[in-house]
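Number of protein chains: 2
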Amino acid sequence: MEFSSNLTLGILNEPFLLEKRIRLLNAIDQYGSILKAAKNVPMSYKAAWDSIDAMNNLSPQPIVNRSTGGKNGGGTSLTEYGKKVVDLYTLFKSEQERFLQTLSKEINFNHLELESIRRLSMTISARNQISGTVEHIERGKVNASVFIKLKSGYTLVSIITNHAVEALDLALGNRVSAIFKSNNVLITTDSALNISARNKFIGTIAEITQGAINASIKMDLGNGDTVSSTITTDALLALGLQKGVEACAIVKASDIMIGK
Amino acid sequence: MEFSSNLTLGILNEPFLLEKRIRLLNAIDQYGSILKAAKNVPMSYKAAWDSIDAMNNLSPQPIVNRSTGGKNGGGTSLTEYGKKVVDLYTLFKSEQERFLQTLSKEINFNHLELESIRRLSMTISARNQISGTVEHIERGKVNASVFIKLKSGYTLVSIITNHAVEALDLALGNRVSAIFKSNNVLITTDSALNISARNKFIGTIAEITQGAINASIKMDLGNGDTVSSTITTDALLALGLQKGVEACAIVKASDIMIGK
DNA sequence: TACATTTATATAGCTTAATTTACAAACAAC
DNA sequence: GTTGTTTGTAAATTAAGCTATATAAATGTA
Numbered sequence: 002m003e004f005s006s007n008l009t010l011g012i013l014n015e016p017f018l019l020e021k022r023i024r025l026l027n028a029i030d031q032y033g034s035i036l037k038a039a040k041n042v043p044m045s046y047k048a049a050w051d052s053i054d055a056m057n058n059l060s061p062q063p064i065v066n067r068s069t070g071g072k073n074g075g076g077t078s079l080t081e082y083g084k085k086v087v088d089l090y091t092l093f094k095s096e097q098e099r100f101l102q103t104l105s106k107e108i109n110f111n112h113l114e115l116e117s118i119r120r121l122s123m124t125i126s127a128r129n130q131i132s133g134t135v136e137h138i139e140r141g142k143v144n145a146s147v148f149i150k151l152k153s154g155y156t157l158v159s160i161i162t163n164h165a166v167e168a169l170d171l172a173l174g175n176r177v178s179a180i181f182k183s184n185n186v187l188i189t190t191d192s193a194l195n196i197s198a199r200n201k202f203i204g205t206i207a208e209i210t211q212g213a214i215n216a217s218i219k220m221d222l223g224n225g226d227t228v229s230s231t232i233t234t235d236a237l238l239a240l241g242l243q244k245g246v247e248a249c250a251i252v253k254a255s256d257i258m259i260g261k
Numbered sequence: 002m003e004f005s006s007n008l009t010l011g012i013l014n015e016p017f018l019l020e021k022r023i024r025l026l027n028a029i030d031q032y033g034s035i036l037k038a039a040k041n042v043p044m045s046y047k048a049a050w051d052s053i054d055a056m057n058n059l060s061p062q063p064i065v066n067r068s069t070g071g072k073n074g075g076g077t078s079l080t081e082y083g084k085k086v087v088d089l090y091t092l093f094k095s096e097q098e099r100f101l102q103t104l105s106k107e108i109n110f111n112h113l114e115l116e117s118i119r120r121l122s123m124t125i126s127a128r129n130q131i132s133g134t135v136e137h138i139e140r141g142k143v144n145a146s147v148f149i150k151l152k153s154g155y156t157l158v159s160i161i162t163n164h165a166v167e168a169l170d171l172a173l174g175n176r177v178s179a180i181f182k183s184n185n186v187l188i189t190t191d192s193a194l195n196i197s198a199r200n201k202f203i204g205t206i207a208e209i210t211q212g213a214i215n216a217s218i219k220m221d222l223g224n225g226d227t228v229s230s231t232i233t234t235d236a237l238l239a240l241g242l243q244k245g246v247e248a249c250a251i252v253k254a255s256d257i258m259i260g261k
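Here's what the structure looks like:
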């Protein structure tokens with residue numbers, strides 16, 4: 002049993018044929034004509050034309066240039082925008098395929114054990130959600146660093162795109178929540194270290210849930226702020242972590258996303 | 002413009018109706034009868050029956066128990082396996098939705114810049130692939146630690162499921178490649194530190210590609226082994242990293258997957 | 001044994017999607 | 001101006017899927 006997936010761009014309501022449409026776009030890029038492209042996909046000319054018309058109309062910028070008459074009776078070519086859309090699709094697609102592939106390798110479908118689902122669920126979706134107010138936004142050319150003041154006094158840094166800042170309509174003083182996977186939280190007992198990650202939180206360990214393989218650590222940052230981390234039980238023992246011990250949680254700024 | 006996706010279980014070739022089929026399974030769990038479930042989805046009885054029959058036949062274990070006749074004329078209920086499949090589906094689905102949601106928030110579709118595609122492509126798919134031989138496999142109840150001896154002399158640790166070990170047919174001495182996203186590689190200048198991550202590689206910085214926001218660092222571990230890391234330019238400067246400087250790369254064992 | 005209710009299966013009819021076919025319009029090249 | 005090739009539309013035709021309907025088979029219960 003295998004997993005697979007269909008990406009849909011949302012510019013059309015019939016998702017299942019996006020794959021075919023991308024093939025069509027590629028063929029158009031190759032042959033320079035809807036007619037030849039349709040033959041090579043294969044699909045009917047009308048279907049091809051309808052698809053292209055729908056995409057052109059629904060997307061914010063035209064995806065193809067169509068010209069009628071002329072040297073060889075006209076032709077159709079992808080716009081720069083169209084090429085980028087195709088690039089983006091293939092990028093997404095390959096990433097998704099890799100994701101699903103590794104996942105189905107991890108799962109034994111012949112006897113799905115509750116344990117493996119629980120574990121997957123833990124590594125996939127265990128997340129920290131910690132709220133605070135926007136203290137400062139530092140705009141770069143493409144990305145922005147968003148500084149979030151927490152109840153505990155710490156300032157957390159998240160890197161998101163400028164576009165995301167606008168989409169969320171972020172402004173100073175906004176109450177937001179920082180979201181990051183507990184899988185992305187590293188724990189160290191050296192509190193003073195130079196590391197590329199920008200977020201370092203020192204706190205005391207409040208709770209340890211020890212599984213066979215993985216352990217979940219809940220760290221108290223003070224004033225109600227907590228950070229959870231999942232690490233291996235081995236690492237837990239190696240570091241000598243115990244309830245009440247002081248430790249340091251490390252999170253990369255780019256691993257933190259922001260919700261409002 | 003939005004992204005969305007369709008998950009397909011591969012136990013059927015017509016992916017686009019999986020969503021409906023999962024709804025059907027849920028309804029069966031609730032009502033205990035195909036008839037009532039079909040009415041509530043809604044879909045025709047025949048379509049429901051065909052779906053269930055197809056799923057039952059194609060999946061390694063039956064998904065539903067059907068009984069005819071009896072107290073209330075019989076009935077249909079989900080097997081334990083069926084319930085788990087449903088659980089797994091919803092888990093995958095929600096994770097995928099989150100992935101696509103954050104992604105589409107990061108992209109400005111009105112003018113897709115080459116820069117943003119390049120950047121996305123970098124954060125999504127930039128990966129390290131480093132080969133070595135299996136030195137030791139430590140089996141746990143669910144997961145296994147695989148120790149891989151590198152050319153540089155380092156031993157790398159990867160945590161994967163026992164099932165994956167079997168699927169790959171891993172054995173001592175096998176030549177394998179360890180794969181991990183360069184996004185998951187942290188850089189520090191403190192070479193002696195206690196941290197939950199199990200992989201620490203000390204090397205010299207061989208190459209720095211500095212972008213506007215992100216920088217890509219290539220570290221030489223010796224004997225041809227290299228590790229790439231993408232960190233923010235800010236972090237690069239803060240750590241004072243330069244070509245020839247000694248640094249330490251940190252990778253979580255669970256972030257490393259194995260290919261053969 | 002008759003009953004109630006559901007699964008299991010076949011078939012006719014309907015509805016929608018897609019292919020095919022046909023043809024007008026455009027226009028650079030000859 | 002004729003030609004050749006393609007885009008752009010419309011209508012006819014075919015295919016496929018779904019619904020509705022009918023009916024046999026199963027069987028615990030009354």
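Those protein sequence lines, which keep their order, are chains Y and X.
In terms of our numbering, the first sequence opens at residue 2 and continues consecutively.
In terms of our numbering, the second sequence opens at residue 2 and continues consecutively.
Ideal placement from N, C-alpha and C gives every residue a C-beta, glycine not left out.
> How many angstroms separate the CA atom of Gly223(Y) from the CA atom of Ala179(Y)?
Replying inline: In a straight line, the C-alpha of Gly223(Y) is about 17 Å away from that of Ala179(Y).
> Which residues bound the beta strand (DSSP E) around Met258(X)?
Replying inline: Start and end: Met258 to Gly260.
> Arg120(X): buried (16+ other C-beta within 10 angstroms of its C-beta) or exposed?
Replying inline: It counts as buried.
>> Going by DSSP in three states, Ile53(X) sits in which element: helix, strand or coil?
In response: In the structure shown, Ile53(X) sits in a helix (DSSP, three-state: H, G or I).
>> Tell me the rounded alpha-carbon separation between Tyr82(Y) and Met56(Y).
In response: Each residue's alpha carbon lies about 12 Å from the other.
> Tell me which same chain residues have a C-beta within less than 8 Å of the C-beta of Val158(X), skipping the five on either side of it?
Replying inline: Cβ neighbours of Val158(X) beyond the five flanking positions: Ser146, Val147, Phe148, Ile149, Arg199, Asn200, Ala254 and Ile257.
> Taking Cβ positions only, does Lys142(X) come closer than 8 Å to chain Y?
Replying inline: Chain Y, which has a Cβ nearer than 8 Å to the Cβ of Lys142(X), makes this yes.
> Beta carbon of Asn185(Y), beta carbon of Val252(Y): below 8 Å?
Replying inline: Going by beta carbons, Asn185(Y) and Val252(Y) fall inside the 8 Å limit.
>> Going by DSSP, what residue range makes up the beta strand (DSSP E) through Ala207(X)?
In response: Looking at the DSSP string, the run of the beta strand (DSSP E) that includes Ala207(X) is Asn200 to Gln211.
> Rounded C-beta distance between Phe202(X) and Cys249(X)? I'm assuming under 8 Å.
Replying inline: Taking the Cβ atoms as the reference, Phe202(X) lies roughly 7 Å from Cys249(X), within the contact range of under 8 Å.
>> Buried or exposed, going by whether 16 or more other CB atoms sit within 10 Å of the CB of Tyr46(Y)?
In response: So Tyr46(Y) ends up on the exposed side.
>> Looking only at its chain, what residues have a beta carbon closer than 8 Å to the beta carbon of Leu25(Y), apart from the 5 residues adjacent to it on each side?
In response: By the criterion of a C-beta distance shorter than 8 Å, Leu25(Y) is surrounded in its chain by Ala38, Ala39, Val42, Met44, Ala49, Ser52 and Ile53, once the five residues flanking it on both sides are discounted.
>> My assumption, with CB atoms under 8 Å, is that Ile29(X) sits in contact with Thr77(X). Please give the rounded CB distance.
In response: Correct: roughly 6 Å between the Cβ atoms.
> Would the C-beta of Gly225(Y) count as close to the ligand ZN, meaning under 7 Å from any of its heavy atoms?
Replying inline: Here there are no bound small molecules, and the ligand ZN is not part of this structure.
> What distance in whole Å lies between the Cβ atoms of Leu194(Y) and Thr189(X), which are believed to be in contact at a cut-off of 8 Å?
Replying inline: Going by Cβ atoms, the distance from Thr189(X) to Leu194(Y) rounds to 6 Å, so yes, they are a contact pair.
> Are the C-beta atoms of Asn14(X) and some chain Y residue less than 8 Å apart?
Replying inline: Note that Asn14(X) scores a pLDDT of 36, beneath 50, so its modelled location is shaky; the value from the coordinates is reported in the next line. The beta carbon of Asn14(X) does not come within 8 Å of any beta carbon belonging to chain Y, so the residue lies off that interface.
> Under three-state DSSP, which class holds Leu79(X)?
Replying inline: Strand.
> Mind checking if Met2(Y) is an interface residue toward chain X, Cβ cutoff 8 Å exclusive?
Replying inline: Any reading at Met2(Y) must be qualified, since the residue scores a pLDDT of 42, below 50, and its modelled position is unreliable; the value itself is stated next. For Met2(Y), the answer is yes, since a Cβ of chain X falls inside 8 Å of its Cβ.
> Would you report the Cα separation of Asp221(Y) and Arg176(Y), rounded to the nearest angstrom?
Replying inline: For Asp221(Y) and Arg176(Y), the distance between alpha carbons rounds to 21 Å.
> Roughly how many angstroms lie between the CA atoms of Ala213(X) and Ser197(Y), to the nearest whole one?
Replying inline: Spanning the two alpha carbons is a distance of roughly 17 Å.
> At a Cβ cut of 8 Å, what residues of the stretch 119-142 of chain Y count as close to chain X, listed as they run along the chain?
Replying inline: Those would be Arg120, Leu121, Ser122, Thr124, Ile125, Ser126, Gly141 and Lys142, in chain order.
>> Within a Cβ cutoff of 7 Å, which residues of the same chain sit near Ser153(Y), ignoring the five residues on either side of it in sequence?
In response: Here the set comprises Leu222, Gly223, Asn224 and Asp226.
> Can we say the stretch 120-136 of chain Y touches the stretch 92-106 of chain X, given the rule of at least three CB pairs closer than 8 Å?
Replying inline: Enough Cβ pairs lie closer than 8 Å, so yes.
> Three-state secondary structure (DSSP) at Ala239(Y)?
Replying inline: Helix, per DSSP.
>> Residues in the same chain with beta-carbon distance under 6 Å from Asn14(X), minus the five sequence neighbours each way, listed in chain order, please.
In response: Note that Asn14(X) has pLDDT 36, beneath the 50 cutoff, so the model's placement of it is unreliable and no number is given.
>> With the cut-off set at 8 Å, would you say Ile232(X) and Ala216(X) are in Cβ contact?
In response: In this structure, Ile232(X) places its C-beta atom within 8 Å of the C-beta atom of Ala216(X).
> Interface residues of chain X around Ser233(Y) at Cβ under 9 Å?
Replying inline: Note that residue 233(Y) is Thr in the sequence shown, not Ser. Chain order gives the chain X residues near Thr233(Y) as Asn144, Ser146, Ile160, Ser197, Arg199, Lys253, Ala254 and Ser255, where near means a beta carbon separation below 9 Å.
> From Leu242(Y), Glu139(Y) and Pro61(Y), pick the residue whose C-alpha is nearest to that of Asp235(X); which is it?
Replying inline: Ranking Leu242(Y), Glu139(Y) and Pro61(Y) by Cα distance to Asp235(X) puts Glu139(Y) first.
> In chain order, what residues of the same chain lie with their CB nearer than 6 Å to the CB of His137(X), ignoring the 5 residues before and after it?
Replying inline: If the five residues before and after His137(X) are omitted, its C-beta is found closer than 6 Å to the C-beta atoms of Phe148, all from its own chain and listed in chain order.
>> For Asn73(Y) and Leu59(Y), I'd like the C-alpha separation in whole angstroms.
In response: Approximately 29 Å between the Cα atoms of the pair.
>> Under 8 Å, Cβ to Cβ, is there at least one residue of chain X near Leu89(Y)?
In response: Answer yes: the Cβ-Cβ gap between Leu89(Y) and chain X drops below 8 Å somewhere.
> In chain Y, which residues lie less than 8 Å from Val191(X) when you measure between Cβ atoms?
Replying inline: Here residue 191(X) is Asp; the residue named in the question, Val, does not match the sequence. Under the 8 Å cutoff, chain Y gives Asp191, Leu194, Asn195 and Ile196.
> Tell me the DSSP bridge mates of Val147(Y)?
Replying inline: For Val147(Y), the beta-bridge partners assigned by DSSP are Ile138(Y) and Ser159(Y).
>> I'd like to check one pair, Ile118(X) with Lys85(Y): are the Cβ atoms closer than 8 Å?
In response: Ile118(X) sits close to Lys85(Y), with the two beta carbons spaced by under 8 Å.
>> Excluding the 5 residues flanking Gly11(X) on each side, which residues of the same chain have their C-beta closer than 7 Å to its C-beta?
In response: Because Gly11(X) carries a pLDDT of 42, less than 50, the predicted location of this residue cannot be relied on, and the following value inherits that uncertainty. Taken in chain order, the list of residues that qualify is empty.
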